[in-house]
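>
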Amino acid sequence: MSAVSELRVIAYTADGLLDVNPDYVEALRLLGADGHGEVLVAEDDGRLLGTIMFEPWSPQSEVARGADEAEVRAFAVAPEARGRGVGRALVNALVERAREEGVSRLLLSTQPQMLSAQYVYRARGFVPVPERDWSPLPDVVLSTYELVLKD
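Start counting the sequence shown at 6; every next residue gets the next number (my numbering).
(1) Considering only residues of the same chain and omitting the five flanking positions on each side of ALA86, which have a CB-CB separation below 7 angstroms?
(2) In the DSSP assignment, the beta strand (DSSP E) including ALA79 goes from what residue to what residue?
(3) Would you tell me roughly how many angstroms separate the C-alpha atoms of PRO141 and ARG52, rounded to the nearest one?
(4) Mapping DSSP to helix, strand and coil, what is ALA69?
(5) Give every residue of the same chain whose Cβ lies closer than 8 angstroms to the Cβ of VAL153, excluding the five residues on either side of it in the sequence, and list them in chain order.
(6) For the structure I just gave you, are there three or more beta carbon pairs, one from the segment 95-103 and one from the segment 38-52, closer than 8 angstroms?
(7) With the cut-off set at 8 angstroms, would you say SER114 and SER66 are in Cβ contact?
(8) With a threshold of 16 other CB atoms inside 10 Å of the CB of LEU112, please say whether the residue is buried or exposed.
(9) CB ALA159 to CB LEU12, shorter than 8 angstroms?
(10) Please name the residue in GLU106, ALA16 and ARG137 whose C-alpha comes closest to that of MET175.
(11) Does DSSP put GLU60 in a helix, in a strand, or in coil?
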């Protein structure tokens with residue numbers, strides 16, 4: 006888990022995603038460490054390339070609103086591994102995991118500058134759901150995307 010935490014911080018820092026809220030570093034490091042949710046990783050010959058977290062709905066969920074929904078959290082790809090399909094593979098694996106769990110909708114939050122991640126999400130079929138956009142801090146607006154797996 007420490008390697009996953011470090012990769013998340015490196016990837017988010019490289020993209021300037023922690024600039025507006027440096028305190029998010031601790032939350033980013035801890036996601037999944039409590040046993041809630043499932044951390045998936047991509048590796049090559051023992052080297053960690055990326056990670057993503059599948060988090061089933063709970064009362065503490067950020068954008069999921071019921072037991073048939075789940076969230077995508079802490080998606081990060083090592084800067085040197087980008088452009089190799091790592092992100093696509095991680096998102097595909099998470100979608101399959103959600104299907105196995107019988108999830109109807111997968112949701113995620115993204116910052117406007119997360120363009121590479123949004124490209125991967127849209128390519129997989131995620132679409133914006135602006136009615137679920139939210140603001141964790143006064144100057145931070147997060148866009149919400151969803152993938153409907155079953156109606």
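Even glycine gets a Cβ: it sits at the ideal position worked out from N, Cα and C.
Here's the rundown:
(1) Non-local beta-carbon contacts of ALA86 in its own chain, meaning distances under 7 angstroms to residues more than five positions away in sequence, involve LEU54 and GLY55 in chain order.
(2) Counting along the chain, the beta strand (DSSP E) containing ALA79 begins and ends at 74-82.
(3) C-alpha of PRO141 to C-alpha of ARG52: approximately 33 angstroms in a straight line.
(4) DSSP places ALA69 in the coil class of the three-state scheme, outside both helix and strand.
(5) Shown here for VAL153: same chain residues with a beta carbon closer than 8 angstroms to its own, the five before and five after excluded, namely SER109 and ARG110 in chain order.
(6) The segment 95-103 makes contact with the segment 38-52: 3 or more CB pairs, one atom from each, lie closer than 8 angstroms.
(7) SER114 places its beta carbon 8 angstroms or farther from that of SER66.
(8) Buried: at least 16 other Cβ atoms inside 10 Å.
(9) Since the first residue of the chain shown is 6 and the last is 156, residue 159 is not available in this structure.
(10) Past the boundaries of the shown model lies residue 175; the chain is included only from 6 to 156, so the question cannot be answered.
(11) In this structure, GLU60 counts as strand in the three-state DSSP scheme.
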